[in-house]
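Here the structure is laid out as structure tokens; the discussion comes afterwards.
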């Protein structure tokens with residue numbers, strides 16, 4: 006696990022532990038430390054989701070000519086990653102999602118990666134992104150945009166999710182397309198572009214459930 010502002014990789018994990026726990030991304034090394042904190046920078050209990058913060062000699066001093074962004078990037082001497090994770094008793098972390106991608110529906114936090122992992126189980130799904138669509142009652146609701154290699158119906162996706170997810174996590178809007186999803190220069194799916202493209206989904210698309 007790592008980020009550019011922390012000098013690249015900031016965690017390590019012994020090979021035997023990585024084999025036993027492939028879902029985890031290790032812990033800090035000799036000079037690098039991590040914590041999982043709440044929105045005020047206070048530690049959260051073991052196993053509780055929170056923001057990953059990192060401290061070490063590889064952490065940046067700040068953003069060039071951008072003091073405001075620099076202030077927002079730190080809790081004291083701890084760099085805010087913008088990633089949500091959990092930590093076990095050994096200090097090993099597991100990435101949950103990006104902080105900015107969290108969907109808050111009726112006061113409940115929904116992690117898009119949980120839904121994406123379930124939809125990716127469906128045969129023919131090439132890639133998927135889950136974003137928050139505007140919902141007049143709950144504020145936001147999950148929306149899935151799926152790039153498929155075969156004819157997959159929204160009903161098939163919803164049925165699959167219903168069998169594996171809590172009701173509030175099942176997407177209420179589903180788009181299946183032949184075109185690949187937009188990507189950033191880093192190769193990651195651009196959820197920012199998808200949010201812009203589907204900002205009026207609640208007005209122009211029919212709910213699937």
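Numbering (the working numbering), first residue to last: 6 to 214.
Quick reminder that beta carbons are idealized off the backbone N, C-alpha and C, glycines included.
Since the model is a prediction, treat every value here as computed from it, not as a measurement.
Select from the options the residue whose C-alpha is nearest the C-alpha of residue i.
i	options	result
residue 202	150, 63, 101 and 96	150
residue 186	78, 131 and 143	131
residue 172	17, 157, 19 and 146	146
residue 44	37, 38, 35 and 54	54
residue 96	39, 28 and 189	39
residue 101	111, 108, 118 and 85	118
residue 17	86, 138, 32 and 77	32
residue 141	158, 82 and 207	207
residue 88	94, 82, 98 and 81	98
residue 14	158, 62 and 51	62
residue 199	65, 92 and 133	133
Give the DSSP-derived three-state secondary structure of residue i in the structure shown.
i	result
residue 14	strand
residue 195	coil
residue 203	coil
residue 120	helix
residue 243	Not covered by the structure: residue 243. The range shown for the chain is 6 to 214.
residue 161	helix
residue 32	strand
residue 125	coil
residue 155	coil
By DSSP's criteria, residue i is part of a beta bridge. Which residues make up the other side?
i	result
residue 8	13
residue 134	150
residue 180	150
residue 167	According to DSSP, residue 167 bridges with nothing at all.
residue 37	DSSP output for residue 37 lists no bridge partner at all.
residue 141	Answer is none; residue 141 lacks a bridge partner.
Return yes when the Cβ of residue j is within less than 7 Å of the Cβ of residue i, no when it is not.
i	j	result
residue 135	residue 121	yes
residue 11	residue 59	yes
residue 166	residue 175	yes
When you compare the CB of residue i with every CB in chain C, is at least one pair closer than 7 Å?
i	result
residue 66	Here chain C cannot be found, since the structure has a single protein chain.
What runs of the alpha helix (DSSP H), each 4 residues or longer, lie entirely inside the segment 39-112?
72-77
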